[in-house]
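The numbering used here puts the first residue of the sequence shown at -16, with every later residue one more than the last.
The beta-carbon is built from N, C-alpha and C at its ideal position, and this holds for glycine as well.
All figures in this text were calculated on a predicted structure; none of them were measured in a lab.
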Amino acid sequence: MTETLWASAARNYEAAGLLQEAARCHHRAGSLRRAVDLYAELGLHHEAATVLAENGNAVGGAWRLAHHAHDPAAARLMLRRAPGPAGRLLHRLVSARCDLLDGVSETVVTDALDAAQDLLDGGPPDDAQRIESWAVLLAEEIRRPDLVALVFAAAVRGDRQGAAQRWQVWAQRRYGMRIVVAEPAHDVDVVFAGARRWT
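Rendered as structure tokens:
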């Protein structure tokens, strides 16, 4: 009953354009995704991170603090609350993003991206899409489209569902051209459709 009242209040606040109040009510109603989305839309990334952390996703909250709020100190603090072994690579990607914000050498990032490629190419499927997404964002932060392509290629070789399509969307957005990723997934070739041949 109480959950229904919170959900009703959230809808009413949204209709009135009071999005921060709507986010708070969505959180209380258990509509966590909507609460996080509203906080993010408002630029309230610390609040969004708190919702994630309070509901068992401290690593996701830490990423939001590092990547969106650009607050490496808060991200590292939240990361300490996250469970370790299952999300070791996720921890490493968040730490690399924090290091990048702190001006540490890009080698930390490229090492984390190498580890992400290894997992995507054949590791367990747990969190593979989130690892792929964060690795792509990290590679873009250091302006290394070659590393973005390597991350996507590893995901395609590892038979990660939808990886080829995500790669194609990225290439279209980044370069304004369509790429064709050859199947089967273990023989990855990239062809830039309409690309000029350089002699």
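Asked	Found
Simplified DSSP state of Ala69, which is helix, strand or coil	Model confidence at Ala69 stands at a pLDDT of 47, short of 50, so the residue's coordinates are unreliable; what they give is reported in the following sentence. Residue state, collapsed to three classes: helix.
DSSP beta-bridge partners of Ile114	DSSP lists no partner for Ile114.
Residue-level contact to chain D via CB, Gln148, 8 Å cutoff	Here there is only one protein chain, and chain D is not present.
Residues near Arg157 by beta carbon distance below 7 Å, same chain, minus five either side	Pro128
Buried versus exposed, by CB contacts within 10 Å (16 or more), His53	exposed
Touch test, the region 6 to 22 against the region 84 to 94, Cβ-Cβ under 8 Å, three pairs minimum	no
Secondary structure, beta strand (DSSP E): runs of 3+ residues fully inside the region 17 to 87	none
Buried or exposed by the 16-neighbour rule on C-beta atoms within 10 Å, applied to Ala165	exposed
Spatial neighbours of Gln100 in its chain, beta-carbon cut-off 7 Å, leaving aside the 5 residues before and after	Leu133, Val134 and Ala137
Backbone CA spacing between His50 and Arg126 [nearest angstrom]	15 Å
Rounded C-alpha distance that separates Arg(-6) from Ala5	7 Å
Close Cβ partners of Ala(-8) (< 7 Å) along its chain, the five nearest in sequence each way excluded	Cys8
Supposed close pair Arg11, Trp(-11) - CB separation, criterion 8 Å	4 Å
Within 8 Å, strictly: CB atoms of Ala79 and Met61	no
Per-residue DSSP class, three states only, for Ser14	coil
C-beta contact flag for Gly70 and Leu103 at 8 Å	no
Inter-residue spacing [alpha-carbon to alpha-carbon] between Trp153 and Arg161	9 Å
beta-carbon Leu60 near the ligand HEM non-hydrogen atom, thresh 7 Å	This structure lacks the ligand HEM, and indeed carries no ligand of any kind.
Assumed close pair Leu48, His28 - CB separation to whole angstroms, cut-off 8 Å	6 Å
Distance, Val34 Cα to Arg41 Cα	The residue you asked about is not Arg; residue 41 is Ala in the sequence shown. Answer to the nearest angstrom: the Cα atoms are 9 Å apart.
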